[in-house]
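Trainee: Heads up: the sequence shown at position 171 corresponds to 194 in my numbering, and the numbers run straight through without jumps. Think of the CB as a built atom: it goes at the ideal place given N, C-alpha and C, for glycine as much as any other residue.
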Amino acid sequence: MDIVEELLKGNRLALSRAITAIENEYDEAVDIMKRLYPHTGHAFVLGITGPPGAGKSTLTDKLAKAYRAQGKTVGIIAIDPTSPFTGGAILGDRIRMNGLTMDEGVFIRSMGTRGSLGGLSHKTADAIKAMDAFGKDVIFVETVGVGQSEVDIVKAADTTMVVLIPGMGDDIQAIKAGILEIGDVFTINKADHDGADKLVRELNMMLDLDAHGMQAEQTSTEKALADQFHHLNVAKHAEGMAWRPPIQKVIASQNEGITETIENIEKHFKYISETGILQQRRTQRTKNEMLDVLHSNIGKYITGKLSATGKLDEYVAQIKARETDPYTVVANIMQDMLKE
Ligand SMILES: Nc1nc2c(ncn2[C@@H]2O[C@H](COP(=O)(O)OP(=O)(O)OP(=O)(O)O)[C@@H](O)[C@H]2O)c(=O)[nH]1
Ligand SMILES: [Mg+2]
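1) Specify, as a first and last residue, the run of the alpha helix (DSSP H) that residue 336 falls within.
2) In whole angstroms, what is the alpha-carbon distance linking residue 125 and residue 335?
3) Taking residue 60 as the reference, which of 273, 190, 184 and 157 has the closest Cα?
4) Counting only the same chain and skipping the five closest in sequence on each side, list residues whose C-beta sits under 7 Å from that of residue 68.
5) Keeping to the same chain, check which residues put their C-beta closer than 8 Å to that of residue 362; ignore five residues upstream and five downstream.
6) Hey, quick one: how far does the alpha helix (DSSP H) through residue 91 stretch, first residue to last?
7) How big is the Cα-Cα spacing for residue 40 and residue 98?
8) Sorry if obvious, but does the Cβ on residue 274 come closer than 6 Å to a heavy atom of ligand 1?
9) Buried or exposed: which applies to residue 337, given that a residue is buried once 16 or more other Cβ atoms fall within 10 Å of its Cβ?
10) Below 8 Å, how does it come out for the region 276–284 and the region 218–227: are there three or more Cβ pairs, yes or no?
11) Using a 10 Å radius around the Cβ and a threshold of 16 neighbouring Cβ atoms, would you call residue 50 buried or exposed?
12) Leaving aside the five residues before and after residue 311 along the sequence, list all residues of the same chain whose C-beta is less than 8 Å from its C-beta, in chain order.
13) Determine the extent of the alpha helix (DSSP H) in which residue 370 is found, giving its start and end residues.
14) Let's see if you can read the secondary structure: which residues bound the beta strand (DSSP E) around residue 127?
15) Cα separation between residue 90 and residue 24?
16) For the putative contact between residue 102 and residue 134, defined by C-beta atoms under 8 Å, what is the C-beta separation to the nearest angstrom?
17) Shortest alpha-carbon distance to residue 277 belongs to which of 214, 145 and 187?
18) Residue 67 bridges to which residues according to DSSP?
19) Have a look at residue 352 and residue 339 and give me their C-alpha separation to the nearest angstrom.
20) Quick check on residue 188: does DSSP put it in helix, strand or coil?
21) Is the separation between the beta-carbon of residue 228 and that of residue 210 shorter than 7 Å?
22) Do the CB positions of residue 207 and residue 291 come within less than 7 Å of each other?
23) Pull up the distance between the alpha-carbon of residue 300 and that of residue 33, whole angstroms please.
24) For residue 95, collect the residues of the same chain with a Cβ closer than 7 Å to its Cβ; drop the 5 residues on either side in sequence, then sort them by chain order.
25) Under the rule that 16 or more other beta-carbon atoms within 10 Å means buried, what is residue 268, buried or exposed?
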């Protein structure tokens with residue numbers, strides 16, 4: 024079957040195969056993406072991140088149902104950093120999305136980090152595009168944790184929701200820099216547990232400090248993290264009237280606070296649309312994606328050549344013997360390549 028033609032016609036099997044090709048880096052994936060690209064750019068992408076077990080999947084399930092009730096179609100990508108990809112078998116177990124799998128208007132896919140070092144964000148971005156071209160109105164991307172590894176995935180989202188839960192103790196301090204920078208909307212889930220109000224207060228305080236430009240007190244780690252989010256940060260403060268992330272208490276398992284959460288997401292989307300931040304983010308994303316492909320292709324090309332000619336091992340030996348250094352070697356390689 025012609026995967027692209029079928030995908031564009033709404034064939035779910037074709038969408039599934041396209042994502043498998045993307046995930047496994049099959050040769051055909053590049054051709055698929057080339058042909059799908061003109062059909063992308065319509066979906067709203069919502070990133071959902073937070074610590075393990077915070078209720079991200081439960082929440083995604085409820086939010087997806089709410090969007091379905093509005094008549095919107097939904098795509099869900101769950102990034103699973105721990106288990107290897109299992110072709111969907113994982114879904115019943117780890118993703119608590121009862122009933123959603125029966126709904127034709129919802130497409131759920133889990134993606135693992137198997138065999139890809141740092142390549143996941145690129146694959147996630149392509150999977151999002153496949154769902155976008157398929158015609159999904161809203162695409163959820165669920166990732167575990169708040170930190171370094173989520174940074175790139177978060178960049179794929181228009182709006183990022185950070186899910187926190189009471190009883191995290193000092194953890195909130197540890198993840199402070201990350202959450203303040205990436206959260207457009209905050210959800211305090213498991214509000215049926217003790218400490219939800221305390222967490223809301225703490226978070227409010229941190230957001231107020233942040234809004235008053237007191238980032239100067241950041242530790243170097245926090246600064247490094249904040250730098251990662253620089254473009255988001257710039258965008259956030261671009262219009263002078265910085266977005267104040269709303270905080271909503273939710274009991275996802277009981278469907279409580281879902282309507283308010285959807286309202287917050289929609290408010291944020293309206294804000295970034297009207298201020299031009301959305302376009303700014305999407306431009307930045309397009310640029311990053313192009314540069315990713317450029318760097319990766321150039322890297323592969325040069326590495327391939329060096330390996331084939333045996334020069335790679337030669338260089339490594341010379342560097343190891345301290346006859347030269349990596350910088351000099353690479354500068355020479357670049358010069359040789361440019362001469363060709
Ligand atoms: N008490 C309570 N439990 C909840 C709530 N929301 C979810 N849970 C439970 O929390 C557990 C974890 O929920 P998940 O939705 O799988 O959490 P997750 O963040 O997706 O987990 P990972 O993807 O494994 O990181 C499940 O047993 C849920 O039933 C809530 O609001 N209150
Ligand atoms: Mg989950």
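Mentor: Based on what the coordinates show:
1) 334–343
2) Taking the straight line joining both Cα atoms gives about 52 Å.
3) 157
4) 151, 162, 164, 179, 180 and 181
5) none
6) Looking at the DSSP string, the run of the alpha helix (DSSP H) that includes residue 91 is 79–92.
7) 15 Å
8) yes
9) exposed
10) no
11) exposed
12) 178
13) Because the chain is modelled from 24 through 363, residue 370 falls outside the range shown and cannot be assessed.
14) Unbroken run through residue 127: none, as it is neither H nor E.
15) 31 Å
16) 6 Å
17) Taking the Cα of residue 277 as reference, the smallest distance to any Cα among 214, 145 and 187 is reached at 214.
18) BP columns for residue 67 point to 161.
19) If you take the alpha carbons of residue 352 and residue 339, they lie about 9 Å apart.
20) coil
21) no
22) It is a contact, given that the beta carbons lie within the stated cut-off.
23) 31 Å
24) Excluding sequence neighbours, residue 95 sits near 160 and 161.
25) buried
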